[in-house]
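Down below is the structure, laid out as structure tokens.
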Amino acid sequence: MGEIRLLSKEVINHIAAGEVIERPASVVKELIENSLDAVSANISVAIEGGGVSLIRVADNGSGMDKEDLEMAILRHATSKIKDTQDLFNIHSLGFRGEALPSIVSVSKAKISTRNKGFPFGWFISIQGGDIIESGKIGMPEGTIVEIKDLFFNTPARKKFLKTTSTEQRNIVDIISRYALCYPNIGFSLKANERSLLNLSSNIIFEDRVKTILGSNLKDKMFKFSKQISNMGLHGIVASPDVYRPTRGGIYTFVNSRSVKDPTLTAAVIEGFKDMLMKNRYPVAIIFLNIDPKDIDINVHPTKAQVRFKDPSKVFGLIAGTIKETLRTYPWREEGVYNREATSITTNMELHDSEHTSYFTSRQGLHHNDESSHYIQKHMFEKRTSFYTSKDIVGVLHSTYILLQDRDALYILDQHASHERINFERMKAIASSGMTPSQILLNPVIIELSQTEYNALEEIIPYIKEIGFDCAPFGKTAVAVRAVPNPLEKENIKEIILSLIHKVLQENWKGGDYINNIIATIACHKSVTAGMILSSQEISALLRDLDDLGSPHTCPHGRPLYKKITLSEIEKWIGRRP
Ligand code: ADP
Ligand code: MG
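What follows is the structure, encoded as structure tokens:
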């Protein structure tokens, strides 16, 4: 008895902040939503240190009066809903009255605001939830929220933050999402005084898409719109040859709110079914407008997901509309889809050309330039005979090389093996300091979105070390002028994009860059599962593995083979008890 007590306001705010404010990008999201709810025409964001040292969001919206400013930082204080009825009929982005109190309880904040038509504004400074100063201030109409030292009083939360560049990227991503949804509103983002986004107001949707997702989408975007009883759907899909290696190119919005909902993403992917190969994802922007009474937006702390009254109807509408759009648009006749289809039927040809490429790249190594000398000297010191001492029994499903020795069977993954070989070679080349670069006669130009471009900038010094020469080309394109020696031109774009998307997804730390980059390139250059290797090539592969000291795992740490002993087999068959 007497053990239960009400928590203090401070503790309650910290608990709520833990749910609503995960990282700097969550603060940016909440502040932008507030600016949008306040009918702003321009929203400028400035950040420092990935948003941890500073986030400042300035808008030219309605502003607040002195009384509302004082109320705004109280928990459950909102101007947007009044009663439970409103909760099921939400037309604004915010409604819980939770964001500002949560943010100001875990930071050092200053909110300044000037109501439309008033001669001056009011400000309030808060530290860890406590008001430390307030008063009059001269400023333009609108609101400026300045958040410094995020999580200064919650060190545990701070520890979970990722690198500055990852946090910054999340911020670029959230602003990009809202910018796609509100093309008539101007958005800008500066990071450490450098302009990362500068999107003027009253832009037509297609132009906004091009600035954000990359101008290579020009002529590749197809609009659609569809209306059924209580739902409207519109947006664009990019033709299937503009695929991405992750789901990052799928943008979904419900009632003008950016959501990352698995049902919606799955529906988009379903719409592209059979048009994209495995591990390729579409680029699509979809806006679903639905009667607020048919959804519950109040199911997720950051409102990133929604609950639909009838999810299968939503799924069907999205997947069906996209399918229909892809079926009827002219790009299909122009050959994009047909090209894809023929490349599947002429699989054999493909095998042939890849065939030679394994050999050429292998032989390339034994040529006479300085670096291969170095590699031969240093790598082959490790030579062993684990793989070459075994007999080749055959190949299973053009994917697994079967080997045997006196007492076991070995099932060896040909792709993973080749990946490891490529990885070791490129690493040896990189550490030799004599990277053989191949200058391209015609540079390869790759159009990138702003986010992609920022990610590439992050890795440019590292890829230089292994033989790439990339230079900015226009605003967000890059020209690749030289590549590591045994790299085929056709792969360059795919490799660069794949590197960028790995950086975006995986949050590499300083020391990992070179290894991760090399592992990604190695994977792209490697023979794939299902590719038929000649017996000569299989022997060469085994020799290469042994030259490297017979590694047992691929660069990502997965095993190269599975060993099954004869006695295990005998047990299965029942020859042994
Ligand atoms: P919610 O958005 O759920 O109402 P918040 O804590 O985000 O809760 O904001 C509290 C209130 O402060 C809002 O309801 C709004 O009235 C006011 N407010 C916040 N930001 C702004 C802004 N940029 N411009 C005008 N009013 C704002
Ligand atoms: Mg809000």
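So the sequence shown is numbered by this note's numbering: it starts at 5 and just counts up by one. All C-beta atoms in this analysis are idealised placements derived from N, C-alpha and C, irrespective of residue type, glycine included.
Query                                                                                                                  : Result
Any chain C beta carbon closer than 8 Å to residue 70                                                                  : In summary, chain C is missing from the structure at hand, where a single protein chain is found.
Where the beta strand (DSSP E) through residue 226 begins and ends                                                     : 225-232
For review: beta carbons within less than 6 Å of any heavy atom in the ligand MG                                       : 34, 37, 38, 98, 103
Rounded C-alpha distance that separates residue 37 from residue 332                                                    : 37 Å
Straight-line Cα distance separating residue 198 from residue 466                                                      : 22 Å
Residue 394 and residue 414 closer than 8 Å at C-beta                                                                  : yes
Supposed contact pair residue 55 and residue 20 - C-beta distance, whole angstroms, cut 8 Å                            : Not a contact, Cβ separation roughly 19 Å.
CA-to-CA distance, residue 140 to residue 453, given in whole angstroms                                                : 42 Å
Ordered list of beta strand (DSSP E) runs contained in the region 384-415, each at least 3 residues                    : 395-400, 404-409
Touching by the beta-carbon criterion (3+ pairs, under 8 Å), the region 502-514 and the region 237-256                 : yes
At least 3 beta-carbon pairs within less than 8 Å: the region 265-277 vs the region 306-325                            : yes
Best match in 136, 174, 299, 287 for proximity to residue 458 [C-alpha to C-alpha]                                     : 174
Continuous beta strand (DSSP E) stretch holding residue 522: start and end                                             : Taken as a continuous stretch (DSSP letters only), residue 522 belongs to no beta strand (DSSP E), being part of the alpha helix (DSSP H) at 517-529.
DSSP three-state assignment for residue 367, whether helix, strand or coil                                             : For residue 367, the pLDDT reaches just 36, beneath the cut-off of 50, and the residue's location in the model is therefore unreliable, leaving the point undetermined.
Heavy atom of the ligand ADP within 7 Å of residue 180 beta-carbon                                                     : no
Spatial neighbours of residue 224 in its chain, beta-carbon cut-off 7 Å, leaving aside the 5 residues before and after : 242, 243, 246
Best match in 204, 470, 427, 294 for proximity to residue 434 [C-alpha to C-alpha]                                     : 470
Selected residue, minimal CA-CA separation from residue 256, among 287, 152, 130                                       : 287
For residue 45, three-class secondary structure by DSSP                                                                : coil
Under 8 Å between C-beta atoms of residue 128 and residue 171                                                          : no
Residue range of the beta strand (DSSP E) that includes residue 460                                                    : It is not in any beta strand (DSSP E) - residue 460 instead sits in the alpha helix (DSSP H) that spans 454-469.
Endpoints, the beta strand (DSSP E) within which residue 292 is located                                                : 288-294
Buried or exposed (CB count within 10 angstroms, at least 16 for buried), residue 23                                   : exposed
Opening and closing residue of the alpha helix (DSSP H) in which residue 202 lies                                      : Note, residue 202: premise wrong, no alpha helix (DSSP H); beta strand (DSSP E) at 198-203.
Limits of the unbroken beta strand (DSSP E) element including residue 446                                              : 441-451
With 16 other Cβ atoms within 10 Å as the buried cut-off, status of residue 366                                        : Reliability of the predicted coordinates at residue 366 is poor, the pLDDT of 40 falling under 50, and the value obtained from them is presented with this limitation in mind. Buried is the call here.
Continuous alpha helix (DSSP H) stretch holding residue 76: start and end                                              : 70-76
Spatial neighbours of residue 116 in its chain, beta-carbon cut-off 6 Å, leaving aside the 5 residues before and after : 125, 127, 141, 143, 148
For residue 498 and residue 277, the rounded distance between their alpha carbons                                      : 21 Å
Counted within 10 angstroms of its Cβ, other Cβ atoms place residue 303 as buried (16 or more) or exposed              : exposed
Beta strand (DSSP E) segment containing residue 210, residue limits                                                    : Taken as a continuous stretch (DSSP letters only), residue 210 belongs to no beta strand (DSSP E), being part of the alpha helix (DSSP H) at 209-217.
Span separating the alpha-carbon of residue 428 from that of residue 562                                               : 15 Å
Given residue 72 as reference, the closest of 558, 42, 532 once Cα atoms are compared                                  : 42
Close beta carbons around residue 555, own chain, < 6 Å, minus the five adjacent residues each side                    : 424
Backbone CA spacing between residue 359 and residue 530 [nearest angstrom]                                             : Low per-residue confidence applies at residue 359: pLDDT is 36, beneath 50, and the placement is therefore not dependable, though the value from the model is reported in the following sentence. Residue 359 and residue 530: Cα-Cα distance of roughly 11 Å.
Coil, strand or helix - residue 558 by DSSP                                                                            : coil
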